[in-house]
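S.K.: Under my numbering, think of the first position of the sequence shown as 3, with each following residue one higher.
A single structure is presented below for examination.
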Amino acid sequence: MPSKSPRPVFRFAPSPNGLLHLGHALSAITNADMAAACGGRFLLRIEDIDATRCRPEFEASIFEDLAWLGLSWQGSVRRQSEHLPLYARGLERLKDLGLVYPAFMTRGEIRAAVASAEGAGQPWPRDPDGAPHYPGPERGWSAAERAAALASGRPHVWRLDMALALQAVGAQLFWEETGVGPQGETGVVPADPAAWGDVVLSRSDAPSSYHLCVVLDDAAQDVTHVVRGRDLFHATAVHRLLQSLLSLPAPFYHHHRLVLGPDGRKLSKSLGDTGLSALRAAGLSPEDVRALLL
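Next comes the structure, spelled out in structure tokens:
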């Protein structure tokens, strides 16, 4: 269960792949307010592992928006791009445990395989975000077959063998939820990592996945309270599994409500929804933003 620390540690961890919007403001303000209320530390982490989408100008706008909101953080900013060896060591540890495998099917091949199965009347499992579980045969390959495929230079990702990982843990996993989940879940929540299938832990265009990075970063920063949007509630199950496999401490989790647009969908950076810079340009004050959110 959650680690015990003499001083609580919270973190806001945006990705610099777009402008912050009201949903990010809610998360940042909630983290900062909760840290202040319990005498804890509030940290800033820049999740810039995706070099193809993250840009310096977006990172600069994050600092500008947080300063405008009146938020400050303790210590230096942690950037994922500066800690790639940490993520590589985590993946190697899972390889040494025999819990990951290289997967070579393309997105198109996955879609075709799933469509074929469903067209034949075979129900196909999907994860909580609606994506189909990986159908590839590689989890059953021999070491020689995997080595030959890797030596060929074929593009691939590394996936967690969920069945073997759960077998290695050998016990029911839980997390302590101080917020409220999508179905009203709170308190001690059972984790169901199997619902996600064989998740990706590393790919060619990003040296580590969100799942692996976040648990390693939280442990490295001694984070005791993870406060984030409810859209990541179910992903916590994968994070608890990786924490158990890698002998990492388990923080408390607090999932807050999402800020929705007029059409009822979650706000998105890619669509430019209610960007903080646009609200500032329109004459809103930080107090106005708080009034909209809290």
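Where a beta carbon is used, it is the ideal one built from N, C-alpha and C, also for glycine.
From Thr54, Phe65 and Arg80, pick the residue whose C-alpha is nearest to that of Leu73; which is it?
M.R.: Taking the sequence shown and counting its residues from 1, the one referred to as residue 73 is at position 71. Among Thr54, Phe65 and Arg80, the Cα nearest to that of Leu73 is on Phe65.
S.K.: Beta carbon of Asp163, beta carbon of Leu247: below 7 Å?
M.R.: The residue you call residue 163 lines up with position 161 of the sequence shown. The residue you call residue 247 lines up with position 245 of the sequence shown. Against a cut-off of 7 Å, the Cβ pair of Leu247 and Asp163 comes out as no contact.
S.K.: Assign Ile51 to one of three DSSP states: helix, strand, or coil.
M.R.: Residue numbering aside, residue 51 sits at position 49 when the sequence shown is read from its first letter. In this structure, Ile51 counts as coil in the three-state DSSP scheme.
S.K.: Closer than 6 Å: is that where the CB of Leu286 sits relative to any heavy atom of the ligand GTP?
M.R.: The ligand GTP is not among the ligands present in this structure, which contains no ligands whatsoever.
S.K.: Unbroken alpha helix (DSSP H) runs of length 4 or more, entirely within the stretch 132-216: which are they?
M.R.: If we require 4 residues or more, the alpha helix (DSSP H) runs fully inside the stretch 132-216 come out as 145-153 and 164-171.
S.K.: Is DSSP giving Phe235 helix, strand or coil here?
M.R.: Looking up residue 235 in the sequence shown gives position 233. Of the three classes helix, strand and coil, the one that applies to Phe235 here is coil, per DSSP.
S.K.: Three or more C-beta pairs closer than 8 Å, one from the stretch 31-49 and one from the stretch 71-89: is that the case here?
M.R.: These segments touch.
S.K.: Which residue from Gly183, Leu203, His236 and Thr180 puts its Cα closest to that of Pro195?
M.R.: Counting from one through the sequence shown, the residue named residue 195 turns up at place 193. The shortest Cα separation from Pro195 among Gly183, Leu203, His236 and Thr180 belongs to His236.
S.K.: Taking 7 Å as the threshold (C-beta atoms), are Leu22 and Leu269 in contact?
M.R.: Taking the sequence shown and counting its residues from 1, one reaches residue 269 at position 267. Taking the sequence shown and counting its residues from 1, one reaches residue 22 at position 20. For Leu269 and Leu22, no; Cβs fall outside 7 Å.
S.K.: Hey, out of Ser211, His258 and Ala170, whose CA is closest to Ile51's CA?
M.R.: Indexing the sequence shown from 1 puts residue 51 at position 49. That would be Ser211, whose Cα lies nearest to the Cα of Ile51.
S.K.: Comparing alpha-carbon positions, which option in Ala15, Gly183, Val202 and Gly189 lies nearest Ala105?
M.R.: Taking the first residue of the sequence shown as 1, we reach residue 105 at position 103. The option with the nearest alpha carbon to Ala105 is Val202.
S.K.: Pick helix, strand or coil for Pro104, following the three-state DSSP scheme.
M.R.: Start at 1 with the first residue of the sequence shown, and residue 104 comes out as number 102. In this structure, Pro104 counts as strand in the three-state DSSP scheme.
S.K.: Express the C-alpha separation of Leu214 and Arg91 in angstroms, rounding to a whole number.
M.R.: Here the question's residue 91 lines up with position 89 in the sequence shown. Here the question's residue 214 lines up with position 212 in the sequence shown. For Arg91 and Leu214, the distance between alpha carbons rounds to 11 Å.
S.K.: From the DSSP output, which residues share a beta bridge with His257?
M.R.: Position 255 of the sequence shown, counted from the first residue, corresponds to residue 257. Arg230.
S.K.: DSSP on Ala252, reduced to helix/strand/coil?
M.R.: As a first step, residue 252 is located in the sequence shown; it is residue number 250 there, counting from the start. Here Ala252 sits in strand by DSSP.
S.K.: Give the DSSP-derived three-state secondary structure of Val11 in the structure shown.
M.R.: If you number the sequence shown from 1, residue 11 lands on position 9. In the structure shown, Val11 sits in a strand (DSSP, three-state: E or B).
S.K.: Which word fits Gly25, buried or exposed, when buried means at least 16 other C-beta atoms lie within 10 angstroms of its C-beta?
M.R.: To locate residue 25, count along the sequence shown from 1; it is residue 23. By the 10 Å Cβ count, Gly25 comes out buried.
S.K.: So Pro184 and Arg230 are in contact, right, with Cβ under 8 Å, and what is the actual spacing, rounded?
M.R.: For the purposes of this step, residue 184 is taken as the residue at position 182 of the sequence shown. For the purposes of this step, residue 230 is taken as the residue at position 228 of the sequence shown. With 8 Å as the limit, Pro184 and Arg230 do not qualify as a contact, their Cβ atoms being about 13 Å apart.
S.K.: For Val159, which residues of its own chain have a beta-carbon under 6 Å away from its beta-carbon, when the five flanking residues on both sides are left out?
M.R.: Along the sequence shown, one-based indexing puts residue 159 at 157. Excluding sequence neighbours, Val159 sits near Ala105, Val202 and Arg205.
S.K.: Under 6 Å Cβ to Cβ from Met107, same chain only, skipping five residues before and after it: list those, please.
M.R.: As a first step, residue 107 must be located in the sequence shown, where it is residue number 105. Excluding residues within five positions, the ones whose Cβ falls inside 6 Å are Gly138.
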